[in-house]
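Sequential numbering of the sequence shown, starting at 84, is according to our numbering.
Have a look at the structure below, then the notes.
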Amino acid sequence: MSVCLARKGKRFTSLQIQSLSLLLAELTGVFDAVDTAFKSLSPAVCRYKPTASISTPPASDGDVEVHNAALAFHVLCNTYISLFHRLKDLVVDIRAYSVVARGLMEVPLDDSDDSAKAPFPTFLFVLIQKYRRERADYAVLDEKASSTPPLPTHPWWPTDSHPPLDSLAQFALFLAAVLVQRMPFLKVELEGMMVLLQVLKVDHTAMEDSLHVNLHGDQRSNYVLSRSIFEFLSTVRELRSIPKRKDLLERSRRNKKKLRRCLTNADKLVV
């Protein structure tokens, strides 16, 4: 339970506790079965080298018994691995969608209980995952980014060696775009966005039924909102190693102005 942030204030639902208990009990039982089966393997099975596909029976009848014993052990091991992956996925899901009371998620730097902890804002963690999945639909063209490896789309953890973002400006532009365009969020993303807007003191209404945000006041513009988000991100200690690329904010604005001029000229030509 400590892996799922129990020591950091995480409150579990009865369904989560039941799921963890059942999986752990099943995993323990299968491990004991694998351990017993391994200790009882005959020397012939240990020396046995199956064909490319272990499910294919051997050509020699004399090896059938040994082959079947090896196949049974192989299936038992795969059952244990499958259960372990299910447990891992459940733990990852609980950690990713847990919002600790202070808005922080403390993740160990290593597996030791005595190791120092690295606090990371939960609301930013959730929004970073959204950016990594969906950024291609909103990203501003960045010529400098072509010389660096693309940002992966898989989830990021504070203990990972690779950075969570390509630049603070791209992240700010993405968050501003999904807000201004009133794109729908997952529930946990909506909660994260609400925290961000409260920090920025942006007047808004969170629509929990339709899972989107209505912005009010003068910060409904993409440019103003992206700059406000960028200035805040620049102060976050955990993101200080991320390239800022503030020039992308101005480039995005120039591109929008150029597009508006082109559309205006096109309308004049039509008239």
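Even for Gly, the Cβ is constructed at its ideal location relative to N, Cα and C.
The shortest C-alpha to C-alpha distance from P133 to any of F156, L107, V117 and I211 is the one to F156. Taking all protein chains in view, the Cβ of I164 is surrounded by fewer than 16 other Cβ atoms within 10 Å, so the residue is classified as exposed. In the DSSP assignment, no residue is bridged to N161. As summarised for the segment 237 to 287, the continuous alpha helix (DSSP H) elements at least 4 residues long and confined to that stretch are 251 to 263 and 270 to 283, given in chain order.
For V147, no pairing in a beta bridge is given by DSSP.
The shortest C-alpha to C-alpha distance from K122 to any of A152, L106, L98 and D146 is the one to A152. Secondary structure of L103 (DSSP, three-state): helix. Between the segment 280 to 293 and the segment 249 to 259, the count of Cβ pairs shorter than 8 Å is below three; the stretches do not touch.
Your pair K329 and F315 does not check out as a contact, with CB atoms roughly 13 Å apart and the cut at 8 Å.
Under the three-state reduction of DSSP, H168 is assigned to helix.
According to DSSP, L154 shares a beta bridge with no other residue. Within its own chain, no residue has a Cβ closer than 7 Å to the Cβ of V175 once the five positions on either side in sequence are excluded.
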